[in-house]
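Peer 1: Just passing along the structure, written as structure tokens.
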Amino acid sequence: MPKPDSLQGSLDLLVLKILSRRPGLHGYALMTAIQDTSGEVLRVEEGSLYPALHRMEEAGWIRAEWITKDSGRRARIYELTATGRKQLASEESRWSSLTAAVNRVLRTA
Amino acid sequence: MSLWSRIANAFRSESLNREIDSELESHLEEARAAGRDLQEVRRAFGSPLRHREQIRDAKLLPWLDSLGADSSFAVRQLKKHKVTSVAAILSLALAIGSCTSAFRIIDAILLRPIPIKNPQNLYATSREGINFSNEFSNFDGSAYPMFQQLRAAVSDQAELIAISYSERMDLAFSSDQAVEKAHIQYVSGNMFAAFGLNPAVGRLFTDSDNLHPRAHPYAVISYDFWSQRFHRDPQVIGKTFHLGDTIFEIIGVSEKDFTGTEPGTVIDIFLPTMMHPSVTRDDSTWHRTFVIVKPGVPREPLRAKLEANSQAFERNRAKSFVGMPQQALENFLNQREVLEPAPQGVSGLQHDNRPALAALAILVSLVLLIACANVANLMTAQASARGREMALRISIGAGRARLIQMVLIESAWVATLAAVIGTLFAAWSAPFVVSLINPPDNPARLILPADGRVLGFGIALTVLVTCVFGLFPALRASAINPSSELKGGDDPHSRRRVMHTLVALQVAFCFLVLFVAGLFVTTFHRLAHLSVGFNPDRLLVLSTATPSPQLAIVWQQIADHLRSVPGVQKSALCDSALLGGNSSNDYISISGGRPIEVLAYFRKISPGWLDEMQIPLLSGRDFLPSDSGPSVAIVNETFAKTYFSGQNPVGKTFERAADEVVVVGLVHDASYRSIRELHLPTVFIPFWQNRSDSEPKLIGDATFIVRTAGDNPLSLAQALRAEVPNARSEFRVSDIRTQLELVQDQTVRERLLATLAFFFAAVALLLASIGLYGVLNYSVLERRREIGIRMAVGAQATDIVRRVTADIFLAILGGAAAGLILGIISARSLQSLFYQVKPTDLAMLALPSLTILAAAALASLPAVLNAVRTDPVQILRTD
Numbered sequence: 014m015p016k017p018d019s020l021q022g023s024l025d026l027l028v029l030k031i032l033s034r035r036p037g038l039h040g041y042a043l044m045t046a047i048q049d050t051s052g053e054v055l056r057v058e059e060g061s062l063y064p065a066l067h068r069m070e071e072a073g074w075i076r077a078e079w080i081t082k083d084s085g086r087r088a089r090i091y092e093l094t095a096t097g098r099k100q101l102a103s104e105e106s107r108w109s110s111l112t113a114a115v116n117r118v119l120r121t122a
Numbered sequence: 099m100s101l102w103s104r105i106a107n108a109f110r111s112e113s114l115n116r117e118i119d120s121e122l123e124s125h126l127e128e129a130r131a132a133g134r135d136l137q138e139v140r141r142a143f144g145s146p147l148r149h150r151e152q153i154r155d156a157k158l159l160p161w162l163d164s165l166g167a168d169s170s171f172a173v174r175q176l177k178k179h180k181v182t183s184v185a186a187i188l189s190l191a192l193a194i195g196s197c198t199s200a201f202r203i204i205d206a207i208l209l210r211p212i213p214i215k216n217p218q219n220l221y222a223t224s225r226e227g228i229n230f231s232n233e234f235s236n237f238d239g240s241a242y243p244m245f246q247q248l249r250a251a252v253s254d255q256a257e258l259i260a261i262s263y264s265e266r267m268d269l270a271f272s273s274d275q276a277v278e279k280a281h282i283q284y285v286s287g288n289m290f291a292a293f294g295l296n297p298a299v300g301r302l303f304t305d306s307d308n309l310h311p312r313a314h315p316y317a318v319i320s321y322d323f324w325s326q327r328f329h330r331d332p333q334v335i336g337k338t339f340h341l342g343d344t345i346f347e348i349i350g351v352s353e354k355d356f357t358g359t360e361p362g363t364v365i366d367i368f369l370p371t372m373m374h375p376s377v378t379r380d381d382s383t384w385h386r387t388f389v390i391v392k393p394g395v396p397r398e399p400l401r402a403k404l405e406a407n408s409q410a411f412e413r414n415r416a417k418s419f420v421g422m423p424q425q426a427l428e429n430f431l432n433q434r435e436v437l438e439p440a441p442q443g444v445s446g447l448q449h450d451n452r453p454a455l456a457a458l459a460i461l462v463s464l465v466l467l468i469a470c471a472n473v474a475n476l477m478t479a480q481a482s483a484r485g486r487e488m489a490l491r492i493s494i495g496a497g498r499a500r501l502i503q504m505v506l507i508e509s510a511w512v513a514t515l516a517a518v519i520g521t522l523f524a525a526w527s528a529p530f531v532v533s534l535i536n537p538p539d540n541p542a543r544l545i546l547p548a549d550g551r552v553l554g555f556g557i558a559l560t561v562l563v564t565c566v567f568g569l570f571p572a573l574r575a576s577a578i579n580p581s582s583e584l585k586g587g588d589d590p591h592s593r594r595r596v597m598h599t600l601v602a603l604q605v606a607f608c609f610l611v612l613f614v615a616g617l618f619v620t621t622f623h624r625l626a627h628l629s630v631g632f633n634p635d636r637l638l639v640l641s642t643a644t645p646s647p648q649l650a651i652v653w654q655q656i657a658d659h660l661r662s663v664p665g666v667q668k669s670a671l672c673d674s675a676l677l678g679g680n681s682s683n684d685y686i687s688i689s690g691g692r693p694i695e696v697l698a699y700f701r702k703i704s705p706g707w708l709d710e711m712q713i714p715l716l717s718g719r720d721f722l723p724s725d726s727g728p729s730v731a732i733v734n735e736t737f738a739k740t741y742f743s744g745q746n747p748v749g750k751t752f753e754r755a756a757d758e759v760v761v762v763g764l765v766h767d768a769s770y771r772s773i774r775e776l777h778l779p780t781v782f783i784p785f786w787q788n789r790s791d792s793e794p795k796l797i798g799d800a801t802f803i804v805r806t807a808g809d810n811p812l813s814l815a816q817a818l819r820a821e822v823p824n825a826r827s828e829f830r831v832s833d834i835r836t837q838l839e840l841v842q843d844q845t846v847r848e849r850l851l852a853t854l855a856f857f858f859a860a861v862a863l864l865l866a867s868i869g870l871y872g873v874l875n876y877s878v879l880e881r882r883r884e885i886g887i888r889m890a891v892g893a894q895a896t897d898i899v900r901r902v903t904a905d906i907f908l909a910i911l912g913g914a915a916a917g918l919i920l921g922i923i924s925a926r927s928l929q930s931l932f933y934q935v936k937p938t939d940l941a942m943l944a945l946p947s948l949t950i951l952a953a954a955a956l957a958s959l960p961a962v963l964n965a966v967r968t969d970p971v972q973i974l975r976t977d
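Below is the structure:
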């Protein structure tokens with residue numbers, strides 16, 4: 014039984030979507046952004062966020078750089094690449110066809 | 099790009115770790131700034147090591163990462179057992195080096211396609227059938243008029259190319275008058291274009307440079323000659339040189355890597371075939387015929403067409419034959435045309451050394467297997483010490499595949515280090531071995547490039563070797579059952595059984611190498627001590643030529659003049675030295691009968707030559723200066739046996755073509771062209787003798803034989819070379835050799851085989867002994883508690899020795915027996931390389947057996963002493 018806050022493999026989609034609207038977020042900000050925009054429903058497990066970010070970086074969807082913030086803290090910030098934008102589009106359409114299908118089942122069954 | 103960055107990441111794994119850690123650090127700081135409890139965040143992250151591991155798996159290739167880790171672990175392992183590792187690496191290096199140098203030589207002579215455009219379309223022609231000596235043979239020489247006829251006949255299906263046998267000739271560049279030697283090859287004008295070769299400088303021959311006999315005095319030089327002789331001077335075009343009585347002009351330099359079509363000889367100068375002195379003769383076979391088959395043309399009809407044309411040509415020519423037995427004529431006319439692929443070119447070196455090289459390849463492979471067995475044994479012994487480590491690794495979750503990988507990587511390190519050292523060894527030894535093949539006068543040159551082929555072979559060999567000796571220990575290590583291994587093992591003897599099997603294998607291979615080496619050494623020994631029928635000591639052979647041929651009397655005057663040089667005892671003349679490579683034969687008949695089907699061999703000599711060569715006169719007399727005309731001959735014993743059924747032939751006559759010849763003397767047999775074959779029926783005739791129907795003959799080249807007083811005849815070489823032009827200014831000595839060298843050249847191949855086989859036998863014995871020592875030493879160490887207990891309860895030293903060595907000597911005996919059987923089987927296929935040696939001789943079998951037993955006894959001595967000296971008290975206390 015999955016937990017209600019489980020992302021069910023849609024972590025990539027959420028990260029890409031948020032980075033497309035607000036490029037230059039670091040890992041912690043990404044996590045809180047997902048939490049906030051989903052109305053505290055979706056929670057990202059901290060242990061799985063970074064492996065996912067590095068995997069997407071290796072796939073060439075996002076790129077990262079180290080910056081020093083005004084507060085003097087260093088942070089690794091992420092933004093979308095051109096490939097990432099394409100990936101986002103295909104993930105979005107996959108997601109909407111998936112939810113549409115699930116909805117159909119819910120309506121008719 | 100991603101793959102590349104993942105490979106690159108594997109090599110910057112430390113900085114990757116730092117990056118992951120600092121990102122985690124920055125996350126924690128953000129969390130603290132947001133007011134969260136740090137402990138809770140850390141808990142949410144889980145183990146930082148696992149976190150790091152997950153990211154690393156995403157960032158780099160996990161297998162490459164683990165490979166790197168295993169690799170550095172393997173190096174640590176090798177460093178830990180320094181002595182064993184060095185022994186393993188060095189013994190393997192010796193074997194890999196031997197294999198690599200053998201490969202380089204075999205590749206250069208037999209396997210490597212010559213650097214032309216389409217070597218796979220290149221074929222060589224030859225004719226096979228029963229030859230004049232009544233043996234089945236294959237000969238690839240052809241006469242130029244026949245070539246022209248064949249070329250025209252098949253021009254729509256194939257391009258025919260004539261390329262002469264390379265000759266080492268004297269020439270002088272007009273710029274500096276000194277005489278020098280160069281390898282010369284006459285080629286038809288279409289060769290360069292058909293081979294797709296381009297000029298490096300100037301231009302190359304075309305068919306229009308090869309239209310009329312003696313009308314095209316042009317030369318193309320090879321890139322190699324251009325580099326060595328002219329230091330790549332582009333001004334070389336237009337330079338001229340004298341060769342024989344012709345002045346040639348250099349018109350171009352051929353493409354860089356092309357050195358002719360004869361592996362073993364690097365051609366210096368190419369000349370048009372039309373400039374060859376025998377180009378119009380239909381009875382002089384001085385060139386090979388190569389064929390480039392056009393795409394889509396089937397081979398067999400082409401071959402049949404060539405055969406029909408060449409047979410027609412010979413039938414036409416045979417009409418003028420006189421004095422040939424009917425059967426010989428029929429055999430001659432029914433020769434079959436052979437069309438064989440020749441992407442590697444064709445050379446005598448290939449033909450002469452193919453079986454020897456094959457034998458060599460087998461010997462080095464055996465040495466390699468022995469070395470592999472050695473290393474496998476060393477690794478198995480080490481693996482026993484690491485059984486617990488492996489068991490522990492499995493217990494905490496290492497996969498079998500990962501364990502195999504770990505052990506194999508260690509093997510790969512050993513093999514790679516050995517390959518590197520071995521390659522260095524080969525870089526030195528391959529040219530060294532080639533220099534052994536070479537007769538000193540005519541240094542055959544083999545192009546031995548260290549290119550992709552050699553690299554590929556080296557890598558393939560390394561991988562193969564790794565698998566041969568590494569896979570077994572690796573599979574064993576991975577098959578460990580942790581629970582029983584940690585308790586001490588189910589079957590403590592299994593490892594020893596493996597090692598004993600390997601020892602038996604080693605002994606079998608070692609026996610085989612020793613056995614074959616013994617046969618080669620004995621062959622060489624027999625040949626080297628063969629009587630040649632004359633005394634070659636202190637004899638100098640001076641091949642001499644003059645551009646304007648002279649009467650025999652002029653030659654005789656020079657021979658007399660040479661006798662006045664201080665240090666010269668005797669001097670005489672002949673057409674060509676015994677064992678010098680030239681032979682001349684003819685059919686004879688007796689008292690008007692039909693020509694006899696056994697060929698007689700002729701040699702022209704001056705009076706005193708027999709005495710100088712110390713060929714004993716058995717009956718009759720030597721020639722006299724007054725013996726002119728065609729009528730006299732001196733024959734040898736074999737001649738008397740063959741044609742006069744053993745009667746004294748002095749005073750009898752025989753006919754050669756139209757001439758009647760009187761035998762005036764009988765001499766002892768002497769080797770004519772090969773020390774190996776039975777003595778040939780030989781006829782000596784006066785040097786100045788002419789056929790009855792011809793004018794007094796002018797002679798362009800002949801050979802002076804000089805016997806010196808001193809033991810080193812070559813010390814007179816310079817003086818004699820200078821003295822010949824002093825006697826007659828236009829005469830030139832083209833070559834000086836000692837008769838002893840000519841005799842020794844006959845056994846070059848056997849000497850090479852004997853030397854190398856002896857070397858490999860020594861290496862094989864050394865490796866097998868090291869292996870035996872290692873295994874015995876290991877088993878004594880492993881059983882030291884058992885030995886200690888046995889001694890404590892009163893076992894005698896002899897009993898201990900028997901227990902320690904019984905198994906292994908059984909393995910040795912088994913191995914030797916297997917080796918013996920293998921040896922007798924394989925010796926049969928090597929028969930052509932042996933001379934008067936029977937593989938089944940008791941001495942041939944006893945020698946390797948005794949050597950191996952002695953080596954085994956010696957190798958086991960330290961371990962046995964160690965076992966006997968075991969102090970039971972000390973052993974039982976420590977454990």
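Chains as they are written, first to last, in our numbering: chain L, 14 to 122; chain F, 99 to 977. Glycine residues also receive a C-beta, built at the ideal position from the N, C-alpha and C atoms.
(1) So, at 6 Å on beta carbons, what are the nonlocal neighbours of Ile686 (chain F) in its own chain, with the 5 sequence-adjacent residues on each side left out?
(2) Could you check what DSSP says for His385 (chain F) in three-state terms: helix, strand or coil?
(3) What is the rounded straight-line gap between the Cα of Asn824 (chain F) and the Cα of Leu309 (chain F)?
(4) Hey, how far is the Cα of Gly912 (chain F) from the Cα of Ala606 (chain F)?
(5) With a threshold of 8 Å, are at least 3 pairs of Cβ atoms found where one atom belongs to the region 215-229 of chain F and the other to the region 419-439 of chain F?
(6) Would you call the region 608-624 of chain F and the region 455-467 of chain F in contact, with 3 or more CB pairs under 8 Å?
(7) Put Ile578 (chain F) into one of helix, strand or coil per three-state DSSP.
(8) Throw me the rounded Cβ distance for the Pro784 (chain F) and Leu649 (chain F) pair, which I believe falls under 8 Å.
(9) What are the boundary residues of the alpha helix (DSSP H) that includes Ala961 (chain F)?
(10) Counting contacts by CB-CB distance shorter than 8 Å, is Tyr41 (chain L) in contact with chain F?
(11) What residue ranges within the region 591-630 of chain F form continuous alpha helix (DSSP H) runs of no fewer than 4 residues, ordered along the chain?
(12) Between the C-alpha atoms of Ile502 (chain F) and Thr359 (chain F), what's the straight-line distance to the nearest angstrom?
(13) Between which two residues does the beta strand (DSSP E) harbouring Arg830 (chain F) extend?
(14) Pick out whichever of L:Ser23, L:Leu32, L:Leu27 has its Cα sitting closest to the Cα of Ile90 (chain L).
(15) Could you tell me which chain A residues have their CB closer than 8 Å to the CB of Arg87 (chain L), listed as they occur along the chain?
(16) For a contact meaning CB atoms closer than 7 Å, what does Gly60 (chain L) contact in chain F?
(17) Report the rounded CA-to-CA distance for Pro64 (chain L) versus Arg484 (chain F), giving the unit in angstroms.
(18) Comparing C-alpha positions only, which one of F:Phe271, F:Arg312, F:Leu870, F:Ser930 sits nearest to Met597 (chain F)?
(19) Report the neighbours of Arg68 (chain L) on chain F: residues whose CB is nearer than 7 Å to its CB, in chain order.
(20) Under 8 Å, Cβ to Cβ, is there at least one residue of chain L near Ile105 (chain F)?
(21) Which whole-angstrom value is the C-beta distance of Arg967 (chain F) and Asn451 (chain F), which I expect to be below 8 Å?
(22) In chain order, which alpha helix (DSSP H) runs of at least 4 residues are fully inside the region 218-294 of chain F?
(23) Would you verify that the beta carbon of Glu104 (chain L) is, or is not, closer than 8 Å to some beta carbon of chain F?
(24) For Glu78 (chain L), decide whether its Cβ has a neighbour in chain F, counting only Cβ atoms nearer than 8 Å.
(25) Kindly identify the DSSP beta-bridge partner or partners of Thr560 (chain F).
(26) So, at 6 Å on beta carbons, what are the nonlocal neighbours of Arg636 (chain F) in its own chain, with the 5 sequence-adjacent residues on each side left out?
(27) Using 10 angstroms around the beta-carbon of Ser527 (chain F), count the other beta-carbons present and answer buried if the total reaches 16, otherwise exposed.
(28) Please report the straight-line C-alpha distance between Ile212 (chain F) and Leu404 (chain F), rounded to a whole angstrom.
(29) Which residues in chain L have a C-beta closer than 8 Å to the C-beta of Ile187 (chain F)? List them in chain order.
(30) Whole angstroms is fine: what's the gap from Val935 (chain F)'s alpha carbon to Leu625 (chain F)'s?
Peer 2: The answer reads as follows:
(1) Ala698, Phe752, Arg754
(2) strand
(3) 40 Å
(4) 8 Å
(5) yes
(6) yes
(7) coil
(8) 13 Å between Cβ atoms; not a contact.
(9) 940-966
(10) yes
(11) 592-626
(12) 48 Å
(13) 830-836
(14) L:Leu32
(15) Structure shown: chain A not included; protein chains present are L and F.
(16) Ala142, Phe143, Gly144, His149
(17) 36 Å
(18) F:Leu870
(19) Ala156
(20) no
(21) Between Asn451 (chain F) and Arg967 (chain F) the Cβ distance is about 53 Å, and since that is not below 8 Å, they are no contact.
(22) 242-251, 289-292
(23) no
(24) no
(25) The partner list for Thr560 (chain F) (beta bridge, DSSP) is empty, contrary to what the question assumes.
(26) Arg805, Thr806, Pro811
(27) buried
(28) 24 Å
(29) In chain order: nothing, as chain L lies at least about 38 Å away.
(30) 11 Å
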